[in-house]
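In what follows, a single structure is set out as structure tokens and then discussed.
Number of protein chains: 2
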Amino acid sequence: MAVTIKDLAKIAGVSYATVSRALNDHPEVSIETKEQIKKIARENGYSPNEIARGLVKKNTNTLGLLVPDISNPYFPEVAKGVEDRANREGYNIFLCNTGWNTEKEIQYIKTLRDKRVAGIIIAPAASDTYKKVKSLELDNPVVYIGSRSDDRSMSFVIIDNEKASSMATEYLIELGHTDIAFIGGNENSVANEERFNGYRNALKIHGLEREVHIVKGSSFNRESGFNLMSASIKEGRIPHAVVCANDIIALGVIEALESNFYNVPGDVSVVGFDDIAYASLPKINLTTVAQPKYDMGSMAADIVFRKIGARQSGAGNHIVLQPALIKRGTCRKR
Amino acid sequence: MAVTIKDLAKIAGVSYATVSRALNDHPEVSIETKEQIKKIARENGYSPNEIARGLVKKNTNTLGLLVPDISNPYFPEVAKGVEDRANREGYNIFLCNTGWNTEKEIQYIKTLRDKRVAGIIIAPAASDTYKKVKSLELDNPVVYIGSRSDDRSMSFVIIDNEKASSMATEYLIELGHTDIAFIGGNENSVANEERFNGYRNALKIHGLEREVHIVKGSSFNRESGFNLMSASIKEGRIPHAVVCANDIIALGVIEALESNFYNVPGDVSVVGFDDIAYASLPKINLTTVAQPKYDMGSMAADIVFRKIGARQSGAGNHIVLQPALIKRGTCRKR
DNA sequence: CTGAAAGCGCTAACAC
DNA sequence: GTGTTAGCGCTTTCAG
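Note that the protein sequences, when read in sequence, are chains P and G.
Going by my numbering, the letters in the first sequence line up with residues 1 to 334, in that order.
Going by my numbering, the letters in the second sequence line up with residues 1 to 334, in that order.
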């Protein structure tokens, strides 16, 4: 099998401790033996067994990342941020696609814990993710991304979802719309709830409470947006505008609207959430709320590293980024 | 620190070997002590140290996946296929974003090797990835995805890129186009080369050799497609149609065309490659070549598992899937 | 059915 | 500078 440190020691005629030192560039070992040993290592295709090393150093140089749906362009961007930051530290990341399923989420977290990852970054699948994870009493630092729990002992990096959603809704109100619908994603998602609250509050503040036109959410995807909007149309409920819980839902909503010959933004205005890359395509030109996805990923990784360094699983780190409304072409004055 | 098997043994008043057996459901251990020990394990929040176990079992239940750009919606789909298949086997995957950079690729592969992953799935960054990887003389099974090397000892799962590209080009020819351009991605990518060859061969077969209108590629992304097409327009080279090396390039090409007031497909027909989710958006409606991304991912993982089982790093496994041309709205008769 | 002991590949005192 | 030795947390003979 693979050549070990002992094999090298035998060849070099030294103890294997010396080999270990040489390979790790310890200062005590003479420069010649160092060179010598490294040469032998190279010649014999030695590859250090990181898992053995990890066992003794109690350190795997590995992070876990849980995302609900890697097919949603929002998450690859986050993942890239996490990965780049982790890579700079010499860390690798385990990518876990949870499919919006907390069971799967917990199962993944358990294996990550067993694999002794240095930290776990979670884009939660649902609101009960938090307590489920908490009940695991992990030793590993955990940071949430995209949404938060009330429990301030937990760390997170988010944008202010509620405010963002309010901004979007108020923009629509300014444009003269009164019958504004909200089409949500997974109903047990915290981000979804916050975005809904932001929407509702904006209506309330502007005395439009009566107009609240909720289209119950189902999933954070295109099909769901399409189906929900189609159903609403079938019922004859055609709002002036719709606030969507994310961009891909918005894409589905627009699809439904246009396939029923309603023009966007001519007949109905639509605003999304996330600002995925495709939102800026001229043909799409979706008005939406931007999230600094990549930065959120790297910031989350940053917090993990800070926690690892500090050895204090203590206080929660909280980063709340400000959202920006990107006005493009799917909204129009009424 | 974390409770170990020895702690449990002490509590249970048995040897730690027995604890190990009980926890692993060995048949020899009495059902009562088994229950007993499991209970103690649960109560004390025991989590098996997979890295210690891995050291002795020489098995990490981990796969590595290298992709050039996780932001390209093609790759998350592949990743999902790999991940789902791996998950069924109880494996986790290391996601490595190589940024089309073979240096980074090799560096990643080295750490994956050091971390003793059971196998590595590579969506290669460039044509020299193959020999660079080969020179590493890995013990780990490797399977390539998306493009292949001539070296038949390597395993891969691909679609027939050349044929696919020919199909797309011939479709354009049937539509009456003669001045057909090819806008490529990374020039040192094998997939890019194969797709270019398919394009050129189709022209040749139809006696259109003289018309070959190559727009040198640069990157597999939207900006590149946009820039290349814009430059071509500026030079006054407006082809009848353009074959793009992938969908996101096509998106950029269309963007460039329309921002210069050329209508697609009215003035210029465009065909993409990959069939990413956004290609089917009514507003985009991109004619393209479909790749079974998810299946390709899971098949690649499948090969890895077969190799792990067989313990024969021997013969290369080759899967060549048939491409399908998806005719949508970006091409029109001339 | 269970215990004792060796060892996976490596690092880190502790000696000399 | 380098060797010896004791683990890291676990699985797996080998005894009994």
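No residue lacks a Cβ here, since even glycine has one placed at the ideal position from N, Cα and C.
Model, not experiment: these values are computed from the prediction.
- Below-8 Å beta-carbon distance, residue 251 of chain P vs any chain G residue: yes
- Message: Does the beta-carbon of residue 316 of chain G, which I'm using as the reference point, lie nearer than 7 Å to any heavy atom of the ligand NAD?
- Response: As far as ligands go, the structure on display features none, and thus does not contain the ligand NAD.
- Message: Taking its Cβ as the centre, do 16 or more other Cβ atoms sit within 10 Å of residue 240 of chain P, making it buried, or is it exposed?
- Response: buried
- Query: Per DSSP, what kind of secondary structure is residue 69 of chain P in: helix, strand or coil?
  - Reply: coil
- Message: Counting only C-beta atoms, is residue 171 of chain G closer than 8 Å to chain P at any point?
- Response: no
- Task: For my contact list, residue 125 of chain G and residue 169 of chain G are in at a C-beta cut-off of 8 Å; report their separation, rounded to the angstrom.
- Result: So it is not a contact: roughly 26 Å between Cβ atoms.
- Message: Please confirm whether residue 255 of chain G has its beta-carbon closer than 8 Å to some beta-carbon of chain P.
- Response: yes
- Task: Would you give the residue range spanned by the alpha helix (DSSP H) that residue 84 of chain P belongs to?
- Result: 74-88
- Could one say the Cβ of residue 76 of chain G lies closer than 8 Å to chain P's Cβ atoms, at least one of them? yes
- For residue 325 of chain P, the residue or residues it bridges with in DSSP: P/289
- Query: Quick one, which of G/132, G/56, G/115 and G/273 has its alpha-carbon nearest residue 165 of chain G's?
  - Reply: G/273
- Message: As a quick exercise: from P/139, P/201 and P/104, pick the residue whose alpha carbon is nearest that of residue 163 of chain P.
- Response: P/201
- Query: Just by C-beta distance, which residues in the region 120-146 of chain G are closer than 7 Å to chain P?
  - Reply: 137 and 139
- Query: If you count every other CB in all the chains shown that lies within 10 Å of the CB of residue 31 of chain G, and 16 or more means buried, which is it?
  - Reply: exposed
- Message: Classify residue 115 of chain G: buried if its beta carbon has 16 or more other beta carbons within 10 angstroms, exposed otherwise.
- Response: buried
- Task: Only counting runs of 3 or more residues, tell me where the beta strand (DSSP E) segments fall wholly within the region 235-272 of chain P, in order along the chain.
- Result: 241-244
- Task: Run the CB neighbour count on residue 181 of chain P, radius 10 Å, all protein chains shown included, and call it buried at 16 or more, exposed below.
- Result: buried
- Can you give me the start and stop residues for the alpha helix (DSSP H) that residue 171 of chain G sits inside? 161-174
- Task: Output the boundary residues of the beta strand (DSSP E) element that contains residue 119 of chain G.
- Result: 119-122
- Using only alpha-carbon positions, find the residue among P/277, P/242, P/48 and P/310 that is nearest to residue 268 of chain P. P/242
- residue 94 of chain P to residue 252 of chain G, Cα distance in whole Å? 32 Å
- Task: Identify, in the order they occur along the chain, each residue of the same chain with its Cβ nearer than 7 Å to the Cβ of residue 73 of chain P, setting aside the five sequence neighbours on each side.
- Result: 276, 277 and 278
- Closer than 8 Å by C-beta to residue 260 of chain P: which residues in its own chain qualify, once you throw out the five before and the five after it? Chain order, please. 230 and 233
- Message: Assuming residue 94 of chain P is part of the alpha helix (DSSP H), what are its boundary residues?
- Response: Element bounds for residue 94 of chain P: not the alpha helix (DSSP H) but the beta strand (DSSP E), 92-97.
- Members of the region 35-53 of chain P that neighbour chain G once the beta carbon cut-off is set at 9 Å: 45, 47, 48, 49, 50, 51, 52 and 53
- Are the Cβ atoms of residue 66 of chain G and residue 105 of chain G separated by less than 8 Å? yes
- Query: How far does the alpha helix (DSSP H) with residue 375 of chain P in it reach, from first residue to last?
  - Reply: Outside the displayed range of chain P (1 to 334) lies residue 375 of chain P, so it cannot be described from this structure.
- Query: Can you tell me whether DSSP reads residue 12 of chain G as helix, strand or coil?
  - Reply: helix
- Message: I need the boundaries of the alpha helix (DSSP H) containing residue 108 of chain G, first residue and last residue.
- Response: 102-114
- Within 10 angstroms of its Cβ, does residue 150 of chain G collect 16 or more other Cβ (buried), or is it exposed? exposed
- Where do the ends of the alpha helix (DSSP H) carrying residue 284 of chain G lie? Neither: residue 284 of chain G is in no alpha helix (DSSP H) and is coded neither H nor E.
- Query: Is there contact here, the region 18-37 of chain G with the region 313-330 of chain P, by at least three beta-carbon pairs under 8 Å?
  - Reply: no
- Query: For the alpha helix (DSSP H) that contains residue 37 of chain P, what are its first and last residues?
  - Reply: 31-43
- Message: Can you pull the chain G neighbours of residue 83 of chain P, defined as C-beta to C-beta under 7 Å?
- Response: 95 and 97
- Item | Contact between the region 180-196 of chain P and the region 5-24 of chain G (3+ Cβ pairs under 8 Å) | no
- Task: Could you round the C-beta distance between residue 60 of chain P and residue 51 of chain G to whole angstroms and report it? I think they count as a contact, below 8 Å.
- Result: 6 Å
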